[in-house]
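In this note's numbering, the protein residues as written are 2 to 406.
Idealized CB from N, CA, C, for every residue including glycine.
See the structure below:
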């Protein structure tokens, strides 16, 4: 059912141009300055990314004038893994050239660029793009099919109001993403300062910690265990770089195992550390769970009293990973390090009180990031639901006389 005042059209009916960008190799024409060329990697979902721009010579570009875009044109990935992804050409890239994109120049009296951008990037838009894609590994959205792309179109004033509402959500999402990036950078700087002793915190009496840190071999702090006495009630743990050791059922992990192979798995106790199979890239993982894991992993446990969280952060820090790489130079990248090699690395050993203070600061930083990430997920979900309503006419917007004009 078509909402009152809306109409069914195809893209070509409300566009001055639906055309394909350059389809030939342009590598030899790249220059440091000249005409910007928009490639697939510049097209993100709903926005334009100019962090990696290339340029074409004036001479080459002048041979393909019909492959240029105007500010306000809508461009869609024409071929490749991100086929159908769409953004609007910003003012500063007026008359840029495009490569492997489909170009839409909307008719000003019929179609708003930003409204079309939201439609093409919606669930409906993605479905329609995939339906029209042809080809094998690298899908292709050809021009003739794209011209008959079906649209449910409200009046122009309503299109603009819908686009304006959704852009408000985009700004909130963008602001939250920047806050997350800033918080992560601040945490990274804190780790660099706190885990090296360059920045000292206050003790319980309000005085700055002053005692020198001891640096001891890891083997003086951690021992290894290989306990294979367990029953099938223990969960199988996946050793991940972003969540540490975590039960497989908590994540999308579908590797099947047999009862016989599980019998050889090692027991992981709560508070153990695991030398990851990717220890060169991600440090050493911490387990908040009791479970079992593949015998390929090396399980560590503290032989002295420590604050787990302090070493959880240190053993995942850039400082530790770089120190480990320099100490273990010559070992093939990606190979799991043995306990022997690990035990020889020097680790900081501040007082337990200072360990706890540092761990608390970094844990609070993580909680702030997690809160922002949850807010971001909520915003994206709410925007998605709103798009579903606004772009189908299930929820109508009120357009005043000024906006209509």
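Residue range of the beta strand (DSSP E) that includes residue i
i: residue 77; result: 75-78
i: residue 338; result: First-last for residue 338: undefined, no H or E at that position.
i: residue 293; result: 292-294
i: residue 347; result: 347-350
i: residue 132; result: Premise fails: residue 132 lies in the alpha helix (DSSP H), 124-133, not in any beta strand (DSSP E).
i: residue 246; result: 245-248
i: residue 225; result: 223-226
i: residue 205; result: Here residue 205 belongs to no beta strand (DSSP E), and DSSP marks it neither H nor E.
i: residue 216; result: 215-218
i: residue 152; result: 151-154
i: residue 267; result: 267-269
Residue nearest to residue i in terms of C-alpha spacing, selected from the options
i: residue 130; options: 57, 115, 79, 92; result: 79
i: residue 244; options: 274, 221, 265; result: 274
i: residue 228; options: 86, 297, 52; result: 297
i: residue 314; options: 89, 367, 354; result: 367
i: residue 231; options: 208, 253, 266; result: 266
i: residue 277; options: 26, 241, 321, 210; result: 241
i: residue 23; options: 30, 312, 93, 100; result: 100
i: residue 1; options: 384, 393, 373; result: Lying outside 2 to 406, the shown extent of the chain, residue 1 is not represented and no answer is given.
i: residue 306; options: 357, 295, 103, 261; result: 357
i: residue 150; options: 171, 126, 162, 163; result: 126
i: residue 219; options: 339, 3, 388; result: 339
i: residue 92; options: 71, 85, 81, 83; result: 71
i: residue 50; options: 143, 204, 320, 90; result: 90
i: residue 249; options: 272, 225, 293; result: 293
i: residue 103; options: 82, 144, 128; result: 144
i: residue 61; options: 29, 369, 9, 361; result: 29
i: residue 261; options: 389, 252, 295, 251; result: 295
For residue i, the residue or residues it bridges with in DSSP
i: residue 56; result: 32, 37
i: residue 16; result: 107
i: residue 298; result: Answer by DSSP bridge pairing: none, since residue 298 is not bridged.
i: residue 240; result: 246
i: residue 320; result: Bridge partners of residue 320: none, in fact.
i: residue 276; result: 285, 299
i: residue 102; result: 78
Limits of the unbroken alpha helix (DSSP H) element including residue i
i: residue 286; result: Counting along the chain, residue 286 falls outside any alpha helix (DSSP H), though it belongs to the beta strand (DSSP E) covering 285-287.
i: residue 147; result: 144-148
i: residue 48; result: Segment: none, residue 48 is in no alpha helix (DSSP H) and carries neither H nor E.
i: residue 85; result: Run containing residue 85: none; DSSP gives neither H nor E here.
i: residue 370; result: 353-391
i: residue 174; result: 157-195
i: residue 116; result: 114-121
i: residue 229; result: Run containing residue 229: none; DSSP gives neither H nor E here.
i: residue 263; result: 260-263
i: residue 311; result: 309-315
Cβ-Cβ distance between residue i and residue j below 9 Å
i: residue 214; j: residue 304; result: no
i: residue 56; j: residue 34; result: yes
i: residue 408; j: residue 146; result: Any property of residue 408 remains undetermined from this structure, which presents the chain solely from 2 to 406.
i: residue 235; j: residue 268; result: yes
i: residue 88; j: residue 67; result: no
i: residue 97; j: residue 36; result: yes
i: residue 105; j: residue 11; result: no
i: residue 167; j: residue 391; result: yes
i: residue 308; j: residue 348; result: no
i: residue 107; j: residue 5; result: no
i: residue 148; j: residue 13; result: yes
i: residue 317; j: residue 285; result: yes
i: residue 186; j: residue 320; result: no
i: residue 122; j: residue 46; result: yes
i: residue 299; j: residue 343; result: yes
Through-space distance from residue j to residue i, alpha-carbon basis
i: residue 239; j: residue 247; result: 5 Å
i: residue 112; j: residue 76; result: 14 Å
i: residue 287; j: residue 177; result: 29 Å
i: residue 195; j: residue 116; result: 48 Å
i: residue 201; j: residue 222; result: 22 Å
i: residue 21; j: residue 44; result: 15 Å
i: residue 140; j: residue 58; result: 29 Å
i: residue 198; j: residue 191; result: 11 Å
i: residue 291; j: residue 263; result: 15 Å
i: residue 27; j: residue 237; result: 51 Å
i: residue 188; j: residue 154; result: 46 Å
i: residue 40; j: residue 63; result: 18 Å
i: residue 169; j: residue 210; result: 47 Å
i: residue 158; j: residue 398; result: 10 Å
i: residue 326; j: residue 301; result: 19 Å
i: residue 395; j: residue 165; result: 17 Å
i: residue 7; j: residue 160; result: 10 Å
i: residue 95; j: residue 38; result: 11 Å
i: residue 73; j: residue 363; result: 45 Å
i: residue 163; j: residue 25; result: 37 Å
i: residue 212; j: residue 311; result: 17 Å
i: residue 371; j: residue 341; result: 36 Å
Cutoff 9 Å: residue i Cβ touching any chain D Cβ
i: residue 270; result: Among the protein chains of the structure shown there is no chain D, as only one such chain exists.
Residue i CB to nearest heavy atom of the ligand COA below 8 Å
i: residue 93; result: This structure lacks the ligand COA; in fact it carries no ligand of any kind.
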